[in-house]
Amino acid sequence: MLNPGRHLVLGNVACAEGAIRAGCRFFAGYPITPANEISHYMAAELPKAGGFFLQMEDEIASIAAIIGASWAGAKAMTATSGPGYSLMQENIGYAHMTETPCVVVNVQRSGPSTGQATLPSQQDIYQAKYGSHGDYEVIALSPWSVQEMFELTVRAFNLAERFRTPVMLMADGMIGHIKEKLVVPEKVDTVGRRRPTGSECVPFGTDDPSMVPEMPRFGEGFRLLVTGSTHRPSGVRDYTPKYHQMKVNRIREKILKAENEISDTVKVDLEDAEVVVISFGASARPSYGAVKEARSQGIKAGLLRLKTIWPFPEGKISDLADDVDALIVVEMNVGKMVQEVRRVVCGRANVFSVSKIGGVLPSVYEINQVIRRAA
Amino acid sequence: MAVKPLRYYSDKYIRNQPSAFCVGCGDGTILNCFVRALDELEVPLDKVLCVSGIGCSAWIPSPNFNGDTLHTTHGRALAFATGAKVFNSDLTTVVFTGDGDGAAIGGNHLIHAARRNIDITTILVNNLSYAMTGGQIAPTTHHGERTATSPYGNPERPFDIAGLAAAAGATYVARWTTYHVLELTRSIKEALKHHGFSFIEVLSQCPTHQRRMFNMRDPVYRLPSRILEMFSESTYVRGRTRQENYRYAVPKASPENALEEISNVLVNLDTEAKIVDHMGFGRVVRIDSKEPDMEWANISRLEAVDRLVGPLEEKVELGVFVKEEMLEYTDSLRDLIRTAGGI
Numbered sequence: 000m001l002n003p004g005r006h007l008v009l010g011n012v013a014c015a016e017g018a019i020r021a022g023c024r025f026f027a028g029y030p031i032t033p034a035n036e037i038s039h040y041m042a043a044e045l046p047k048a049g050g051f052f053l054q055m056e057d058e059i060a061s062i063a064a065i066i067g068a069s070w071a072g073a074k075a076m077t078a079t080s081g082p083g084y085s086l087m088q089e090n091i092g093y094a095h096m097t098e099t100p101c102v103v104v105n106v107q108r109s110g111p112s113t114g115q116a117t118l119p120s121q122q123d124i125y126q127a128k129y130g131s132h133g134d135y136e137v138i139a140l141s142p143w144s145v146q147e148m149f150e151l152t153v154r155a156f157n158l159a160e161r162f163r164t165p166v167m168l169m170a171d172g173m174i175g176h177i178k179e180k181l182v183v184p185e186k187v188d189t190v191g192r193r194r195p196t197g198s199e200c201v202p203f204g205t206d207d208p209s210m211v212p213e214m215p216r217f218g219e220g221f222r223l224l225v226t227g228s229t230h231r232p233s234g235v236r237d238y239t240p241k242y243h244q245m246k247v248n249r250i251r252e253k254i255l256k257a258e259n260e261i262s263d264t265v266k267v268d269l270e271d272a273e274v275v276v277i278s279f280g281a282s283a284r285p286s287y288g289a290v291k292e293a294r295s296q297g298i299k300a301g302l303l304r305l306k307t308i309w310p311f312p313e314g315k316i317s318d319l320a321d322d323v324d325a326l327i328v329v330e331m332n333v334g335k336m337v338q339e340v341r342r343v344v345c346g347r348a349n350v351f352s353v354s355k356i357g358g359v360l361p362s363v364y365e366i367n368q369v370i371r372r373a374a
Numbered sequence: 000m001a002v003k004p005l006r007y008y009s010d011k012y013i014r015n016q017p018s019a020f021c022v023g024c025g026d027g028t029i030l031n032c033f034v035r036a037l038d039e040l041e042v043p044l045d046k047v048l049c050v051s052g053i054g055c056s057a058w059i060p061s062p063n064f065n066g067d068t069l070h071t072t073h074g075r076a077l078a079f080a081t082g083a084k085v086f087n088s089d090l091t092t093v094v095f096t097g098d099g100d101g102a103a104i105g106g107n108h109l110i111h112a113a114r115r116n117i118d119i120t121t122i123l124v125n126n127l128s129y130a131m132t133g134g135q136i137a138p139t140t141h142h143g144e145r146t147a148t149s150p151y152g153n154p155e156r157p158f159d160i161a162g163l164a165a166a167a168g169a170t171y172v173a174r175w176t177t178y179h180v181l182e183l184t185r186s187i188k189e190a191l192k193h194h195g196f197s198f199i200e201v202l203s204q205c206p207t208h209q210r211r212m213f214n215m216r217d218p219v220y221r222l223p224s225r226i227l228e229m230f231s232e233s234t235y236v237r238g239r240t241r242q243e244n245y246r247y248a249v250p251k252a253s254p255e256n257a258l259e260e261i262s263n264v265l266v267n268l269d270t271e272a273k274i275v276d277h278m279g280f281g282r283v284v285r286i287d288s289k290e291p292d293m294e295w296a297n298i299s300r301l302e303a304v305d306r307l308v309g310p311l312e313e314k315v316e317l318g319v320f321v322k323e324e325m326l327e328y329t330d331s332l333r334d335l336i337r338t339a340g341g342i
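Residue numbers (numbering that gives the first Met the number 0), protein chains in the order written: chain R, 0 to 374; chain S, 0 to 342.
Below, the structure written as structure tokens:
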């Protein structure tokens, strides 16, 4: 592990370091570019912390193993990229249904299919939200720097425990593979699992306003029934409409109602802004440059950077729509988040899309041109 | 083996659930053998984790078994179980899977769990089809058999799943049927005690779907015992001495006609003939002879008889095939952590 202080490391290394410091003691993964360095670091460092590194036979087994380990009491993580993330979707749904805390890192690469295996993208953001079948609500984070790979990985673990849910860290091949400064703090704040206090436990139901039940673990006499089938609060399988509505509504609402707590955005020059760029992850970097350049050109431009992409910060973007003339959504896909922004803005401001595919970042110049046109 | 009332086992090991199994299903028998094995070994119930996937077999532990259960996605039970067992190696971890769940969609996890020799006991219930979804062909369905997805007969050849597990490195491998409850219970005990990957294939009856597969034109209530007798007829136990002086006469058309003709030939001989079900040949006439110089050829020449087959032809071998000690995966992982300085 890295000592507290300044280091020059890869984003993927920062992610793995953050995971171990957040308390991760079980990692299962399968080789895939551009996420491999997370596995390499975990293989070397996790055993030193007394944790388990498993290289499984595929990504399906990897996500399955971390869910199994989580129920045995572990803080657990897997890391992958596009094709592996697709394979994991069924079991990600299982983790939602069984309310299993775990962290899934997707160092996004350019698809579909094998696509540009070594190049970055932000194409999987809808997959993060809608990838598994059925109705559920997801928490997904988007780091824009090596430092944030560390910080948001820690946060992903904390949110997973706090809400008893899988959390997606939607990094990308650029952030995973750049080397820049990482400051490792002396101590990170971690959230522990809310465990049953008595000998009785209702593992899938609660009266608590958080709507997050206590989580027991295997081997402690709770005689748990954990199933991906619709179940009663006790865990007993029951397909009746009442229990299905109760379950799905609760696992969605526990996240949606906490949007303010979960949602994290960074505002740059927004106070008097008339044109606001909305971006996240790697594409927020040239967006930042373009906004600064626009300011130097006398344009009242600002940047809203999303560190959490799901749940979508509807309130913040809706407020912006009333205050500004134009919103420009910058992303490395064919224009996905812009759909969400248009839905929320609902005609109250002009919405422009800067969407770049091909495994390359949109340039400061490209974004600046759109800002100038919108201003 | 102490005899305890059934009530003792149901109170201690079974949740108070109505059973979801079809009448006559073999799954209840397997659950019964499993809890008896646990009881005889006095395994603490709080430390037993049963993991299952999707299919009828998955419902053996979930929700019936009164310990920790993890009912997972189709085919993936072993991968989930691997995570739980690695993180808490004190858990007596048992995976229940089926032939579709374990050998088709989950086949990859099966061979890799076997290769790692992780200390998990896997009980694979082989009913030769996908039963929960309506009786489709599975990787175990015999060639030529008719199912919902092979109305003209199965074009594929089946897996020998126990052989597959053994080849992949499982260190305890056995195969039994739901007819062999004592052997199965003993084998589950051995598997639970075994430190490594133990694998038991259990051939099980499915009155609901094997009726069509084996073309058994009987009311459903007669099928369970008929299929169990067929399992007994169509299997032999490795290493067990066998009576060999019998043959099966495969009829050209009607087994009743064949039996009549054969009975006429056997009139003055110390020999018996009866119609039995055989997994390999269907309804056949079994001829047991006590005559030292039995002239079998006379029977094979009969008009209604297609051919005579020997006692072992097309039969399934049962028994314990592999039992060896090898480095176990969670031990190996703990050694690695010790080397890295994590313990």
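Every residue gets a Cβ at the ideal spot worked out from N, C-alpha and C, and that includes glycine.
(request) Give me whichever residues DSSP pairs with residue 349 of chain R in a beta bridge. (result) R:325
(request) Starting from the Cα of residue 333 of chain R, find the closest Cα among R:314, R:345, R:62, R:358 and give me that residue. (result) R:358
(message) Please identify, using Cβ separations under 9 angstroms, the residues of the stretch 33-56 of chain R that lie next to chain S, in order along the chain.
(response) 43, 44, 45, 46, 47, 48, 49, 50, 51, 52, 53, 55, 56
(message) At the level of alpha carbons, what is the spacing between residue 303 of chain S and residue 222 of chain R?
(response) 59 angstroms
(request) Note down, in chain order, every chain S residue with its Cβ under 7 angstroms from the Cβ of residue 90 of chain R. (result) 72, 75
(message) Between the alpha carbons of residue 53 of chain R and residue 165 of chain S, how many angstroms are there, rounded?
(response) Straight-line Cα distance between these residues: approximately 23 angstroms.
(message) By the 7 angstroms beta-carbon criterion, what residues does the stretch 32-49 of chain S contribute toward chain R?
(response) 45, 46, 48
(message) Measuring straight from C-alpha to C-alpha, what distance separates residue 93 of chain R and residue 186 of chain R?
(response) 33 angstroms
(message) Quick check for students: name the residue ranges of the beta strand (DSSP E) that lie wholly in the stretch 252-285 of chain R, counting only runs of 3 or more.
(response) 264-267, 274-279
(message) Cβ closer than 9 angstroms: which chain S residues qualify as neighbours of residue 219 of chain R?
(response) 45, 67
(request) Just grab the DSSP bridge partners of residue 96 of chain S for me. (result) In DSSP, residue 96 of chain S forms a bridge with S:123.
(request) Please compile the residues from chain S whose C-beta is within a distance smaller than 7 angstroms of the C-beta of residue 222 of chain R. (result) 65, 66, 67
(message) Just to confirm the assignment, what range does the beta strand (DSSP E) spanning residue 316 of chain S have?
(response) 315-322
(request) Sort out for me which residues DSSP pairs residue 49 of chain S with in a bridge. (result) S:68, S:93
(message) Rounding to the nearest angstrom, what Cα-Cα distance links residue 236 of chain R and residue 229 of chain R in this structure?
(response) 6 angstroms
(message) What would DSSP say about residue 372 of chain R, mapped onto helix, strand or coil?
(response) helix
(request) State the DSSP-derived secondary structure class of residue 432 of chain R, mapped to helix, strand or coil. (result) Residue 432 of chain R lies beyond the range of chain R shown here (0 to 374); nothing can be said about it.
(request) Would you grab the beta carbon distance between residue 87 of chain S and residue 234 of chain R for me? Rounded to a whole angstrom, and I think it's under 8 angstroms. (result) Between residue 234 of chain R and residue 87 of chain S the Cβ distance is about 19 angstroms, and since that is not below 8 angstroms, they are no contact.
(message) Which same chain residues end up closer than 6 angstroms to residue 131 of chain R when comparing Cβ atoms and leaving out the 5 residues on each side of it in sequence?
(response) 88, 91, 92
(request) Please report how far the alpha carbon of residue 95 of chain S lies from the alpha carbon of residue 107 of chain R, in whole angstroms. (result) 36 angstroms
(message) Under 8 angstroms, with one C-beta from each stretch per pair, do the stretch 279-293 of chain S and the stretch 247-254 of chain S reach the 3-pair mark?
(response) yes
(request) Tell me whether residue 220 of chain S is buried or exposed, calling it buried when 16 or more other Cβ atoms sit within 10 Å of its Cβ. (result) exposed
(message) Less than 8 angstroms between the C-beta atoms of residue 70 of chain S and residue 56 of chain R, yes or no?
(response) no
(request) Would you identify the three-state DSSP class for residue 200 of chain R, choosing helix, strand or coil? (result) In the structure shown, residue 200 of chain R sits in coil (DSSP, three-state: anything other than H, G, I, E or B).
(request) Pair every Cβ in the stretch 219-238 of chain S with every Cβ in the stretch 155-165 of chain S, then say whether three or more of these pairs are closer than 8 angstroms. (result) no
(message) With H, G and I counted as helix, E and B as strand and the rest as coil, what does DSSP make of residue 246 of chain S?
(response) Under the three-state reduction of DSSP output, residue 246 of chain S falls in the strand class.
(message) Please tell me whether residue 341 of chain S has its Cβ less than 8 angstroms away from any Cβ of chain R.
(response) yes
(request) Return no unless some Cβ of chain S is closer than 8 angstroms to the Cβ of residue 103 of chain R. (result) No, residue 103 of chain R lies away from the interface with chain S (no Cβ there is under 8 angstroms from its Cβ).
(request) Report yes or no: do three or more beta-carbon pairs, one from the stretch 4-23 of chain S and one from the stretch 350-369 of chain R, lie closer than 8 angstroms? (result) Verdict: no, contact absent.
(request) Using 10 angstroms around the beta-carbon of residue 296 of chain S, count the other beta-carbons present and answer buried if the total reaches 16, otherwise exposed. (result) exposed
(message) One question on the structure: do residue 340 of chain R and residue 326 of chain R come within less than 8 angstroms of each other, judged by their Cβ atoms?
(response) Taking 8 angstroms as the Cβ cut-off, residue 340 of chain R and residue 326 of chain R qualify as a contacting pair.
(message) So, at 7 angstroms on beta carbons, what are the nonlocal neighbours of residue 363 of chain R in its own chain, with the 5 sequence-adjacent residues on each side left out?
(response) 285, 288, 289, 292
(message) Using 8 angstroms as the cut-off, can you tell me whether the stretch 127-143 of chain R makes contact with the stretch 39-49 of chain R, which would need three or more C-beta pairs spanning the two stretches below that distance?
(response) no
(message) Suppose you measure from the CA of residue 330 of chain S to the CA of residue 117 of chain S; what does that come to, to the nearest Å?
(response) 9 angstroms
(message) What would DSSP say about residue 121 of chain R, mapped onto helix, strand or coil?
(response) If DSSP states are grouped into helix, strand and coil, residue 121 of chain R belongs with coil.
(request) Note the first and the last residue of the continuous alpha helix (DSSP H) segment covering residue 277 of chain S. (result) Element bounds for residue 277 of chain S: not the alpha helix (DSSP H) but the beta strand (DSSP E), 270-277.
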